[in-house]
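Residue 117 in the UniProt record's numbering sits at position 117 of the sequence shown; the count goes up by one each step and never skips.
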Amino acid sequence: MERRTLWIVLALNIGLAVAFFATGAFGDSSALIANGLDNLSDSFVYAISLFALSRSDKWKRGAANVSGGLLILFAAGILYDAWRRYIGGSDPLGTIMIAMALIAAAINAVCVWLLAKLKDPDVNIRAANTFSYNDFAANLGIVVAGGLVAWLGTNWPDLVVGVIVAGIAAWGGIDILRDAHGEHHKAVHTGK
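This is how it looks when you write it as structure tokens:
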């Protein structure tokens with residue numbers, strides 16, 4: 001069940017990453033490209049989690065550490081993109097932002113539902129849940145930013161949401177690293 005669920009969530013996230021990159025480029029949106037990077041990093045993490053499923057607990061903790069580190073790295077990339085767009089300027093299309101974010105929110109809700117059905121999730125499944133919740137929150141932020149961009153005719157809401165997505169990603173990465181660290185200490189005390 002875990003393997004099948006992770007494959008489905010992986011495929012959905014790869015599709016979302018491609019869609020976010022395409023609409024982000026077309027709509028000149030930092031927030032959409034940030035979410036594309038987020039979904040791409042999530043895809044790497046789901047692939048790592050799939051690899052770790054049949055491995056030892058030590059492998060699973062290592063995979064979770066890689067996942068957390070990737071999220072923090074991804075957050076730095078988003079901040080760079082937002083800074084680049086702040087300096088160079090951008091002209092995001094609010095309606096494209098809203099449409100893509102609503103589609104992605106629906107897909108992320110499916111991911112959250114699929115992952116929530118798994119019984120006794122290990123550290124990697126918990127990491128996958130963190131990613132899906134973060135993505136859902138970021139999508140709602142993009143809807144708000146898209147509305148503000150369309151209403152005000154300015155790029156700052158797009159840039160603010162890009163920075164917020166970076167913050168959510170960094171916090172999620174730190175949370176995953178803490179969880180993996182807690183699993184390590186639990187293993188040391190139980191001898192696993």
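Even for Gly, the Cβ is constructed at its ideal location relative to N, Cα and C.
Keep in mind the model is a prediction, meaning the values are calculated, not measured.
query: Complete beta strand (DSSP E) runs within the stretch 133-168 (minimum length 3 residues, chain order); result: none
query: CB of residue 200 within 7 Å of CB of Ala82, strictly; result: In the structure as shown, the chain starts at 1 and stops at 192, and residue 200 therefore has no counterpart that could be examined.
query: Beta-carbon contacts of Ser43 that lie in its chain and below 7 Å, excluding the five residues immediately before and after; result: Leu10, Asn13, Ile14, Ala17
query: Between the CA atoms of Pro157 and Val144 - distance to the nearest angstrom; result: 8 Å
query: Whole-number beta carbon distance between Ile168 and Ala137, since they are thought to touch under 8 Å; result: 6 Å
query: Contact set for Ala47: own chain, Cβ-Cβ below 7 Å, skip 5 residues either direction; result: Leu10
query: Residue range of the unbroken alpha helix (DSSP H) whose run includes Leu16; result: 2-27
query: Alpha helix (DSSP H) segment containing Leu115, residue limits; result: 94-116
query: Three CB pairs or more closer than 8 Å across the stretch 63-76 and the stretch 95-112; result: no
query: Interface flag, Asn65 vs chain C, CB-CB below 7 Å; result: The structure shown contains no chain C; it holds only a single protein chain.
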